[in-house]
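The listed protein sequences correspond, in order, to chains A and B.
As numbered in the working numbering, the first sequence has no gaps in its residue numbers, which increase by one up to the final residue, 434.
As numbered in the working numbering, the second sequence has no gaps in its residue numbers, which increase by one up to the final residue, 263.
Read the structure below first, then the notes.
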Amino acid sequence: MTHTVVSSRSREVVIGFDRPFCVIGERINPTGRKRLAAEMAAGDYSSVQADAIAQVEAGAHMLDVNAGIPLADEPAILAESIKLVQSLVDVPLSIDSSIVEALEAGLSVYQGKALVNSVTGEEERLEVVLPLIKKYDAAVVAISNDETGISEDPDVRFEVAKRIVQHAADYGIPAADVVVDPLVMPVGALGQAGVSAFRLIRRLREELGVNTTCGASNISFGLPNRHALNATYLAMAAGAGMTSAIMNPLHPEEMAGVKAADVLLGVDPNCARWLRRYRDPAAQSSDADRNSRERRRRRV
Amino acid sequence: MSESDDLDLRSLGDDDLVQQMHDDLYDGLKDEIEESVNILLERGWTPYDVLTKALVEGMRIVGIDFRDGILFVPEVLLAANAMKAGMFILRPLLAETGAPSIGKMVIGTVKGDIHDIGKNLVSMMMEGAGFEVINIGINNAVENYLAAIEEHKPDILGMSALLTTTMPYMKVVIEALKEKGIRDDYVVLVGGAPLNEAFAEAIGADAYCRDAAVAVETAKEFMQRKHNQRGVKGTSAA
């Protein structure tokens, strides 16, 4: 059974087929968030701080940290953000940048075993990112595209993922430390995007035995009622073998989709987490005495 | 099944037919658009009038409703596809009759970046607005852009990047244009999720376009300005 183990200084999170779906909070990312970008560029981390705490409270198992601000000192800002977030919350982090110097800056200040987001299948990227993963004993998100682009054929993307896993092995990085992002396309533009994503996820799980992750909202680009679509997609993807997603834990519909998938896939024993989260609060408040007794007994 | 199935397009007068074409574009009905384009041509309409009054006007309505969140991506793609089928009939005739060009654009995603869909959406919406679009695909080095503008002599150069690592390449392309002394021959529009106005300005682009609808509006504005400056409609400097 493949287990991707990531950690902070004090907490370990395991991503795996027999584990609850791993929710990686996406909010600390200035892309498309004008105010956050301006703040971070000016050295003001108050929103980063608030986003970190709110996401963990909302149930994120990990947090993604991205500092991709145009024309700013990304390595320095990313390292600062990581230090700050690690001082506030104890969940493991995903260090997110497409700039190698920023990844290294983030890794050098990170305490624990990080997830690095990401490496693509292009030779020149693999050759610079994989040695970093090895050096800092991190895990890595591998995006299944290469020099030739993003193939619409899931079987071509499978081959790209397989090549990245083999490359990682050449650097001494085990397959368990490679989390593949199958690159889900907007279904509004490509009608078969869902079907081919599920096919690819299933192959990645069954043939390559790797964990997988994805952005949760790309699928619904350009369509209305995105939360419902995202939630259903996440649950179906989990059913096909997806084990984590980079998503907004503050969105209740998406979180419900993920939690429901845990129940239906048998990784929420006795539905305990589902019950704890969704029990009707009115039922608890009807008898204060009984309620407190029950709470003592229920320790999950 | 529905009443539109029974509708005889030939029985409509010109005004009603053009109205119907706007509706058919809105509904993405490719076959009906082709038929209607042919009917108007048979009735002696100039290809330019068919293009502007029927197709471009219809797509303008589609664009507005897309911008306002009434229509969504799959519907816009269908509409653009219907428009394209109409354009396929009109394009050779437009060239023959020397009709004024609405504008020409070369568009591509920059080197190192393989994001395709947003750029294609812009490309289709631009075609919908009557622009001739040469889509040079993804992962384009400076040489590709230079070769494409050399060959096609567009009014507008569009560049897309979705990564903070690839967006600086837009500046490389603009610098190359400056070096060759041809920067001001083209309107340079840039787009992609990580960009913003400040970045567009810093690299010397003419404008940042947030989405496909904005790209079309911006392109039209620049073409209008260009025409006004020259005082002559549609002549393109060699």
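Cβ coordinates follow ideal geometry from the N, Cα and C atoms, glycine included.
Where the alpha helix (DSSP H) through T122(B) begins and ends: T122(B): member of the alpha helix (DSSP H) spanning 98-122, first to last residue.
Distance between beta carbons of F224(B) and M192(B), contact taken as under 8 Å: Indeed they touch by this definition, with Cβ atoms about 7 Å apart.
Which residues of chain B have a Cβ atom closer than 9 Å to the Cβ of P204(A), listed in chain order? Those within 9 Å of P204(A) in chain B are T189, M192, P193, P219, L220, N221, A223, F224, A227.
Counting only the same chain and skipping the five closest in sequence on each side, list residues whose C-beta sits under 7 Å from that of V43(B). The beta carbon of V43(B) is closer than 7 Å to those of K78, A79 in its chain, skipping five residues each way along the sequence.
What distance in whole Å lies between the Cβ atoms of I233(A) and L260(A), which are believed to be in contact at a cut-off of 8 Å? At roughly 16 Å, the Cβ-Cβ gap does not stay under 8 Å, so L260(A) and I233(A) are not in contact.
Please list, in chain order, the chain B residues whose beta carbon lies closer than 8 Å to that of I298(A). The contact set of I298(A) on chain B, defined by CB atoms closer than 8 Å, is empty, because the minimum CB distance reaches about 15 Å.
By the three-class DSSP mapping on this structure, what secondary structure does G349(A) have? For G349(A), the three-state secondary structure derived from DSSP is strand.
So the candidates are V81(B), G83(B), I114(B); which of them puts its Cα closest to the Cα of E67(B)? The candidate whose alpha carbon is nearest that of E67(B) is I114(B).
Using the beta-carbon count (16 or more within 10 Å), is T282(A) buried or exposed? Exposed is the call here.
Could you tell me the boundaries of the beta strand (DSSP E) in which S378(A) lies? Residues 378-381.
Closest by CA to P358(A), which one among D40(B), A230(B), D33(B), I95(B)? Measuring from the Cα of P358(A), the nearest candidate turns out to be I95(B).
Cβ shell of A362(A) (< 7 Å), same chain only, five flanking positions each side left out: The beta carbon of A362(A) sits closer than 7 Å to those of E387, all from its chain and outside the five residues before and after it, given in chain order.
With a threshold of 7 Å between beta-carbons, can N251(A) be considered close to chain B, or not? Residue contact check for N251(A) against chain B: no CB pair falls below 7 Å.
Own chain residues within Cβ distance below 7 Å of L264(A), not counting five before or after: Result list for L264(A): V253, H301, A302, Y305, I307, in chain order.
Selected residue, minimal CA-CA separation from A201(B), among M108(B), K178(B), S148(B), G229(B): Per the Cα distances, G229(B).
Identify each residue in the stretch 84-106 of chain B for which the Cβ-Cβ distance to at least one residue of chain A is less than 7 Å, and report them in chain order. Listed by position, the residues of the stretch 84-106 of chain B near chain A (Cβ gap below 7 Å) are F97, V98, P99, L102.
Specify the secondary structure class of V131(B) as computed by DSSP and reduced to three states. Of the three classes helix, strand and coil, the one that applies to V131(B) here is strand, per DSSP.
Please list the partners that L357(A) has in chain B, where partner means a Cβ-to-Cβ separation under 9 Å. By Cβ distance, chain B contributes F97, V98, P99.
Between A323(A) and chain B, is any beta-carbon pair separated by less than 7 Å? Yes, A323(A) lies at the interface with chain B (some Cβ there is under 7 Å from its Cβ).
When the distance is taken between beta carbons, is V243(A) closer than 7 Å to K268(A)? Taking 7 Å as the Cβ cut-off, K268(A) and V243(A) do not qualify as a contacting pair.
Option nearest V239(B) by Cα separation, candidates L54(B), D74(B), F91(B): Distances from the alpha-carbon of V239(B) to those of L54(B), D74(B), F91(B) put F91(B) closest.
Check for me: the beta strand (DSSP E) holding D56(B) runs from which residue to which? Looking at the DSSP string, D56(B) is not in any beta strand (DSSP E); the run it does join, the alpha helix (DSSP H), is 55-67.
On the DSSP letters alone, give me the boundaries of the beta strand (DSSP E) that L214(B) sits inside. Where L214(B) is concerned, the enclosing beta strand (DSSP E) stretches over 212-216.
Does the beta carbon of T366(A) sit closer than 7 Å to a beta carbon anywhere in chain B? Cβ-Cβ to chain B under 7 Å: no for T366(A).
My output table needs one value for N251(A): the three-state DSSP class, helix, strand or coil. Reduced to three states, the DSSP call for N251(A) is strand.
Considering just the uninterrupted stretch of the alpha helix (DSSP H) at H301(A), what are its terminal residues? Counting along the chain, H301(A) sits inside the alpha helix (DSSP H) bounded by residues 288-304.
Which chain A residues are close to I1(B), counting only those with a beta carbon under 8 Å from its beta carbon? Here chain B comprises residues numbered 26 to 263, so residue 1(B) is not present and cannot be evaluated.
So if I threshold CB-CB distances at 9 Å, which residues from the stretch 149-168 of chain A count as touching chain B? Residues passing the 9 Å Cβ filter: P164, T165, G166, K168.
Are the C-beta atoms of S199(B) and some chain A residue less than 7 Å apart? Going by the sequence as given, residue 199(B) is Ile instead of Ser. I199(B) does not count as touching chain A.
I'd like to check one pair, R161(A) with Q183(A): are the Cβ atoms closer than 7 Å? Not closer than 7 Å, so no.
Along the stretch 200-228 of chain A, what residues have a CB closer than 8 Å to any CB found in chain B? Within the stretch 200-228 of chain A, the residues whose Cβ lies closer than 8 Å to any Cβ of chain B are, in chain order, G202, I203, P204, L205, E208.
Could you say which of A176(A), L197(A), D178(A) lies nearest to R145(A) if we only look at CA atoms? R145(A) has its Cα closest to that of L197(A), out of A176(A), L197(A), D178(A).
Grab me the residues of I353(A)'s own chain with a C-beta within less than 6 Å of its C-beta, minus the 5 sequence neighbours each way, in chain order. Hits under 6 Å: V318, V321, Y367.
Start and end residues, alpha helix (DSSP H) containing A366(A): The residue you asked about is not Ala; residue 366(A) is Thr in the sequence shown. Unbroken alpha helix (DSSP H) run through T366(A): 360-374.
Neighbouring residues, chain A, relative to I139(B) (Cβ below 8 Å): The contacting residues are N279, G283, I284.
Check whether the Cβ atoms of G133(B) and N106(B) sit closer than 7 Å, and answer yes or no. Result no, Cβ atoms of G133(B) and N106(B) do not sit closer than 7 Å.
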